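Chains as they are written, first to last, in the numbering used here: chain A, 5 to 212; chain B, 5 to 212. Yeah, the Cβ is synthetic: ideal placement off N, Cα and C, and Gly gets one too. Please read all numbers here as calculations on a predicted model, not as lab measurements. Here is the structure we will look at, set down as structure tokens.
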DNA sequence: TGACAGCCAGAACGATCGTTCTGTAGGGTG
DNA sequence: CACCCTACAGAACGATCGTTCTGGCTGTCA
């Protein structure tokens with residue numbers, strides 16, 4: 005993006021169907037994880053002129069939605085994955101439109117939650133021993149693999165050859181595993197406590 | 005993948021550098037979000053023959069790491085983004101290695117949780133009115149925007165010009181909003197209940 | 001020592017790419 | 001009515017694409 009440009013909103017003062025075009029491109033990308041060629045895009049958009057696609061892409065580029073690799077290949081831009089974070093109070097009358105402007109933005113959920121991809125894994129939570137920490141059965145725990153952790157962190161430890169998710173606690177210089185559910189006892193391992201990883205996030209999918 | 009093939013592990017009995025090649029491709033993709041052309045790939049891999057790239061890609065395809073769009077464009081395959089889901093009991097002695105084989109796999113967190121990108125938003129949760137549903141303050145709620153919902157679903161509604169997250173309930177043919185916290189009352193809206201979206205997932209990041 | 005397989009280089013091919021240029025149909029404005 | 005502007009269509013261009021084929025080099029094993 006050249007200097008002097010402020011990012012365009014794309015919803016105003018732009019060719020009317022650009023927003024729709026962009027959404028179709030985003031949905032295509034969500035399905036295939038690739039930017040299609042201009043001719044495919046034309047089909048996707050229901051137009052039959054690559055020249056028009058070319059022009060649209062240039063507008064998207066100015067707005068920051070697409071970009072180019074060092075090898076001149078079209079790729080998603082910084083704003084391509086942005087998803088609105090709605091947390092502002094809405095104004096009466098036109099709640100949606102008003103909300104749209106006061107939104108924060110985040111790129112991808114992956115980026116939100118995984119910092120070191122190569123060390124990151126998911127664990128599917130079993131049981132309800134951590135339910136008071138908002139960790140439910142079936143949730144996916146995002147963990148970073150490491151063998152040490154600090155008291156107070158949620159850790160994945162290996163106890164009796166099974167993964168177990170607990171708070172790491174400290175009692176008289178001894179590390180213990182504390183559940184977040186009064187129905188469960190504190191685990192005081194004899195010998196060394198084997199830590200598999202530390203909780204870095206949580207993902208829950210709602211089946212619909 | 006053609007019938008009769010079992011997925012290859014790629015770490016065994018394949019050309020030795022294939023694993024390294026794949027990782028470089030994955031890193032490139034992580035940076036640019038696009039699959040590069042064969043000539044760019046050749047440069048990336050330090051080889052100078054597109055024919056070799058072509059052969060490697062075919063091996064990756066057999067192993068399920070890359071795939072093709074309906075328009076014959078190369079794209080990431082099912083296993084391209086795979087991240088291990090650890091939920092199997094581990095064997096004594098070599099827990100990590102043993103775990104690695106019994107893992108399930110998932111592609112990206114985005115894909116897990118967002119089905120229709122253009123209709124999906126995030127909302128940052130305020131308050132503890134849904135705490136018994138495992139929805140805590142500061143969590144990000146993944147919502148699909150729509151104006152109707154079924155009783156029992158978690159919805160984001162607009163009440164007094166603010167977003168509120170509640171269970172959608174039904175009392176005597178009237179829609180109501182039920183919190184998941186006994187300290188809060190059921191909300192019985194007068195007039196029409198304005199629904200902003202439906203919960204499709206939840207993402208929590210742990211600050212460390 | 002010879003045979004052979006694995007790994008890669010390089011050239012050549014038609015197909016498809018992205019860009020540019022010109023053309024046109026329709027709506028708004030005076 | 002003449003005029004302009006927007007929103008596309010369509011053809012043409014060189015560049016680059018992915019594929020195939022041939023061929024050389026380097027081990028390995030009998």
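{"Query": "Whose Cβ in chain A lies nearer than 7 Å to the Cβ of residue 209/B?", "Result": "116, 117, 205"}
{"Query": "So, residue 127/B versus residue 145/B, is the Cβ gap smaller than 7 Å?", "Result": "yes"}
{"Query": "How would you call residue 125/A, buried or exposed, if buried means at least 16 neighbouring beta carbons within 10 angstroms?", "Result": "buried"}
{"Query": "Would you identify the three-state DSSP class for residue 80/A, choosing helix, strand or coil?", "Result": "strand"}
{"Query": "Cutting at 6 Å between CB atoms, please list the residues of its own chain near residue 183/B, excluding the five before and the five after it.", "Result": "133, 170"}
{"Query": "Kindly list, in the order they appear in chain A, the residues whose Cβ is closer than 7 Å to that of residue 39/B.", "Result": "38"}
{"Query": "Have a look at the DSSP bridge pairing and note the partners of residue 71/A.", "Result": "79/A"}
{"Query": "What residues of chain A sit near residue 138/B, judged by a beta carbon separation below 8 Å?", "Result": "135, 138, 139, 140, 143, 208"}
{"Query": "When the Cα of residue 77/A is compared with those of 80/B, 39/B, 48/B, which residue comes out closest?", "Result": "39/B"}
{"Query": "How is residue 54/A classed by DSSP in three states: helix, strand or coil?", "Result": "helix"}
{"Query": "Out of 209/B, 202/B, 190/B, 203/B, state which residue places its alpha-carbon closest to the alpha-carbon of residue 205/A.", "Result": "209/B"}
{"Query": "To which residues of the same chain is residue 197/A closer than 7 Å at the C-beta, ignoring the five residues directly before and after it?", "Result": "161, 179"}
{"Query": "Report, in whole angstroms, the separation of the C-beta atoms of residue 141/A and residue 131/A, which I expect to be a contact under 8 Å.", "Result": "6 Å"}
{"Query": "Within 10 angstroms of the Cβ of residue 97/A, are there 16 or more other Cβ atoms? Answer buried if so, exposed if not.", "Result": "Confidence is the limiting factor: at residue 97/A the pLDDT is only 36, short of 50, which leaves the residue's position unreliable and the question unanswerable from this model."}
{"Query": "Tell me the residue span of the alpha helix (DSSP H) that contains residue 28/A.", "Result": "22–36"}
{"Query": "Does residue 167/B pass the burial test, meaning 16 or more other C-beta atoms within 10 Å, or should it be called exposed?", "Result": "buried"}
{"Query": "Using a 10 Å radius around the Cβ and a threshold of 16 neighbouring Cβ atoms, would you call residue 211/A buried or exposed?", "Result": "exposed"}
{"Query": "Excluding the 5 residues flanking residue 148/A on each side, which residues of the same chain have their C-beta closer than 7 Å to its C-beta?", "Result": "120, 123, 124, 201, 202, 204"}
{"Query": "Between residue 104/B and chain A, is there a C-beta pair that is closer than 7 Å?", "Result": "Low local confidence applies: a pLDDT of 40 at residue 104/B is under 50, so the model's placement there is unreliable, with the coordinate-based value given in what follows. Output row for residue 104/B: interface = no."}
{"Query": "Please report the Cβ distance between residue 138/B and residue 155/B, rounded to the nearest whole angstrom; I am assuming they are in contact, meaning their Cβ atoms lie under 8 Å.", "Result": "Rounded, the Cβ-Cβ distance is 19 Å, inconsistent with contact."}
{"Query": "For chain B, find out if any of its Cβ atoms is closer than 7 Å to the Cβ of residue 20/A; answer yes or no.", "Result": "no"}
{"Query": "Counting C-beta neighbours from all protein chains within 10 Å, is the total for residue 189/B 16 or more, i.e. buried, or is it exposed?", "Result": "exposed"}
{"Query": "Kindly list the residues whose CB is nearer than 6 Å to the CB of residue 35/A, restricted to its own chain and excluding five residues on each side of it in sequence; keep chain order.", "Result": "none"}
{"Query": "Do you know how far the Cα of residue 80/B is from the Cα of residue 118/B?", "Result": "18 Å"}
{"Query": "Which residue comes first and which comes last in the beta strand (DSSP E) that contains residue 171/A?", "Result": "166–175"}
{"Query": "Can you list, in chain order, the residues of the region 177–203 of chain A whose Cβ is nearer than 8 Å to any Cβ on chain B?", "Result": "198, 200, 202, 203"}
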